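These protein sequence lines are chains A and Z, in that order.
Under my numbering, think of the first position of the first sequence as 1, with each following residue one higher.
Under my numbering, think of the first position of the second sequence as 1001, with each following residue one higher.
Report on the following structure.
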Amino acid sequence: MRSAALLLRKDLRLLARTPAVLLILIVFPLLVATLVALALQSDERRPDVAVVNLDTSGRSVAVGEQRLSIDDYIARLSEDVDVRPLGAEEAAAALEDGRVSAVLTIPAGFISDLQSGVRQPSLTLDASRRSPIEADAIVRNLEAAVYRLNQRLAVGYVDQVLRLVDLVVNGGELGFFGRTGDALGLRNSRVLVTGVQERLRADGQVAAADDLDPLVNFIDETQRNLDLAKPAANAIRAPIVLEVSESAEGREPLSAFGFAGALLVSLGLAGVLLAAAAMSAEREDQVLVRLGRGLVSAWTLVAEKMVFTALACLVVGLTLLAGVAAFTSVAVGRWPLWLAALALAGLAFGAFGVLAGALARETRTALLVALMLALPLLALGLLPDAAVASAISQVVPFGPAFEAFQTLLVEPTVPAGDFTTTLGHLALLAAVFGAAAAAVVRRRSAA
Amino acid sequence: MLAARGLGRRYRGVVALEGVDVDLGAGESVALIGPNGAGKTTLLTILAGVTRATTGGVEWAGGAVRTVGWVPQRPALYQRLTPRENLRLFAGLEKAPDPDALADELIARADLGAFADRPAATLSTGTIQRLNLAIALAGRPSVLLLDEPTATLSPDQRHRLWEWLGTLREEGMALLFSTQSVDEAMRRADRMLVLTGGRLLFSGTSQEMVSAHGIGAGADAEAAELAFMRLVAPGEGDT
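Laid out in structure tokens, this is it:
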């Protein structure tokens, strides 16, 4: 224990004495975190979409109080994608060349179909098959755009129907769905019918007046039912209302997934490289032969390097988390759990790096080996849904570390059992890689 | 202080050392001499407890390998630490009661005072070698094993190092050092162990080696070198 503490103090002193490494240790994770977060912000990316407008009528449709034209529709699409108005052939060529990710075609007669109120207009989307992930994102973006437009149209149509209902009840000037004229309305009809009844009764034609009673009842019943139309129509046009509150000012949007990935890449690389360099430096300085003579056991030396890496990961990880909590919209909390996750991930990254460092003969080779091993495995850790990638990432520390970071960032409540299993997984991998590294160090010490 | 019997070592079937016996008494200086690949370093690393012998065994004074100080040919120390930090660290690892005091003492003995607080990487070869030796003394050994300690040193650095080693001998420390120089072995050792092909060919004084080969009376450096060549490569030294 005392030997490990002495070596740990030595490593921390050497680290502090190397400002370039210290700077890299701080700047590099921040840089990587920023790049990875940006790369993983798929929901923030705006794909290029060619729009082919075959409806050249120049007409517009009345939607409630507003009128909607093709230009309005294209302007609204621009909220979700970068729109490039092109001709049909030009758009097909752009899709083929990869200059646009999809082609949206607005058919001829789109506005008139919309105006008819009975014919359902349709749009055609042709997405690139080169990148299924991007195509999927575009389809989702345009579905959202069409949904929002439909929502606006539904609101407009329902308003029109309600005004029609009002016209049926109260009467007035007719001007919907391209029709014009005057409407009498139920209220006026009742006045007319009851007036006729009064005159008939005054003339002694009581039986004839009574014959009109079913008509008056019908008018009253219809009027009562139509009074219910308004709340019913409101319920139909928006069955569920989502109220979105805006986040505090000055914060940049950043997805929790993106940050979990950034944290994994920055800590994974920094931890593995630091541990590999620290271990290989012992070999490069020829000190292993001295330490191996009963001064320090191989396992103590490996454990010391693991703790050294875990300390560095804790400092870097907590700095990144504090930065994210202060300047982004990602919610960061549950600090005791973060401490456990970062420490165990640091120990596991350290064990992995020490193994790479022990296998290589000198520091530069060790760093290269560590980098070449860590980069592809980190990438696999970020693709947990792919079966093979998932299987591989689970036998190295990157998969469970990513799970732990994601759980703490994404899950509103951390499921105790699952999270403990993930931490246990990290601890197990730290022990396995640490034991492998100790075996290699033991061989190297005796070489 | 140190006794080894029948030491042998094989590396993937290749014999590096075979049936070597070594005895070392207090204050004795013994030179291990032989051509490249003779097995000198293998023998020293086995005696230092760095390499495990395939056959035979070693008895260290007090039964612990830590009573032996090990000075490898390539300095084994932290290049980015200063001599003082290196000595404090190794004194701590050797569980010295007061590592700082021991480090100061070793700095004085190795005449490292002027360089004690400069990174080791910036020091001259001779100074580094003195630090390498000082670190080996941090465990207060009674036997010192040195692998070609003067191979990379200039004549004045070599002289300075031997002066210090002479002082250690006078204090009762036993030395076993390897060298490729017959002259150095004659002048610095009480007796020689001649090793070639992993086998011990001769153990005795330089005079005994010379007379054993009928080169003549006395034991000057030239005669000893001729006797050595006849030992390690019979026929090639008869010119």
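We put the CB at the ideal spot given by N, CA and C, even for glycine.
These figures come from a predicted structure and were not determined experimentally.
Using beta-carbon distances, K10 of chain A counts as an interface residue toward chain Z, with a partner under 8 Å.
When CB distances to chain A are screened at a threshold of 8 Å, the residues of the region 1071-1082 of chain Z falling below it are P1072, R1074, P1075, A1076, L1077, Y1078, Q1079, R1080 and L1081, in chain order.
Distances from the CA of L1089 of chain Z to each of A:V296, A:A370 and A:A356 were compared; the closest alpha carbon is that of A:V296.
Taking 8 Å as the cut-off, the Cβ atoms of A1048 of chain Z and R442 of chain A do not count as close. Taking a Cβ-Cβ threshold of 9 Å, the residues of chain A close to L1089 of chain Z are L6, L7, R9 and K10, in chain order.
Residue range T1055 to W1060 is occupied by the beta strand (DSSP E) that includes E1059 of chain Z. Sequence-distant partners of A348 of chain A (beyond 5 residues in either direction) whose C-beta falls short of 6 Å from its own C-beta, in its chain, are P397, L426, L429 and A430. For a Cβ distance threshold of 9 Å, residue set L295 of chain A lies close to E1094 of chain Z, ordered along the chain.
Take the alpha-carbon of L30 of chain A and the one of L320 of chain A: they are about 7 Å apart. Per DSSP, V307 of chain A lies in no beta strand (DSSP E) segment; the continuous alpha helix (DSSP H) that holds it begins and ends at A298 to F327. An exposed status is given to H1159 of chain Z, since fewer than 16 other beta-carbon atoms sit within 10 Å of its beta-carbon.
Take E1094 of chain Z, set aside five residues on each side of it, and the residues of its chain with a beta-carbon closer than 7 Å to its own are A1138 and G1139, in chain order. At a Cβ-Cβ threshold of 8 Å, R364 of chain A and A1076 of chain Z do not count as neighbours. Distance from the CA of D1100 of chain Z to the CA of A1091 of chain Z, rounded to the nearest whole angstrom, comes to 8 Å. A Cβ-Cβ distance of about 13 Å is found for the pair M1186 of chain Z and F1202 of chain Z, leaving them out of contact under the 8 Å criterion. The C-alpha of D285 of chain A lies about 44 Å from the C-alpha of H1213 of chain Z.
Scanning its chain for C-beta atoms nearer than 6 Å, with the 5 sequence neighbours on each side dropped, one finds around A1016 of chain Z the residues R1009, G1039, T1042 and G1198, in chain order. Within the same chain, Cβ atoms closer than 7 Å to the Cβ of W338 of chain A are found at L321 and L408, the five residues on either side in sequence being excluded. By the 16-neighbour rule on beta-carbons within 10 angstroms, G399 of chain A is buried. Rounded to the nearest whole angstrom, the CA to CA distance from A1004 of chain Z to L1024 of chain Z is 9 Å. Annotation: S393 of chain A to W299 of chain A spans about 25 Å, alpha carbon to alpha carbon. The beta carbon of G1056 of chain Z sits closer than 7 Å to those of A1004, R1005, G1006, L1007 and G1008, all from its chain and outside the five residues before and after it, given in chain order. Contact between G357 of chain A and A345 of chain A does not hold, since their C-beta atoms are separated by about 18 Å, which reaches or exceeds 8 Å. DSSP places N1036 of chain Z in the coil class of the three-state scheme, outside both helix and strand. In the three-state DSSP reduction, G346 of chain A falls in the helix class (H, G or I). The C-alpha of L95 of chain A lies about 48 Å from the C-alpha of T309 of chain A. Secondary structure note for I1215 of chain Z: it is in no alpha helix (DSSP H), with a DSSP letter that is neither H nor E.
For V1014 of chain Z, there is no enclosing alpha helix (DSSP H); the residue is found in the beta strand (DSSP E) stretching over V1014 to L1024. Excluding its 5 nearest sequence neighbours in each direction, S189 of chain A has C-beta neighbours in its own chain below 7 Å: I219, listed in chain order. Using beta-carbon distances, L14 of chain A counts as an interface residue toward chain Z, with a partner under 8 Å. Within the model, the alpha-carbon separation for A1224 of chain Z versus P1035 of chain Z is close to 15 Å. Of the other Cβ atoms in all chains shown, 16 or more fall within 10 Å of the Cβ of W1070 of chain Z; this residue is therefore buried.
Nothing from the region 1006-1019 of chain Z brings a Cβ to less than 7 Å from some Cβ of chain A.
From the beta-carbon of G357 of chain A, no residue of chain Z is found nearer than 8 Å; the closest lies around 16 Å away. Distance from E304 of chain A to L15 of chain A at the Cβ level is roughly 13 Å; contact not present, criterion being Cβ atoms closer than 8 Å. Closest in alpha carbon position to L123 of chain A, among A:Q115, A:S116, A:V103 and A:R140, is A:V103.
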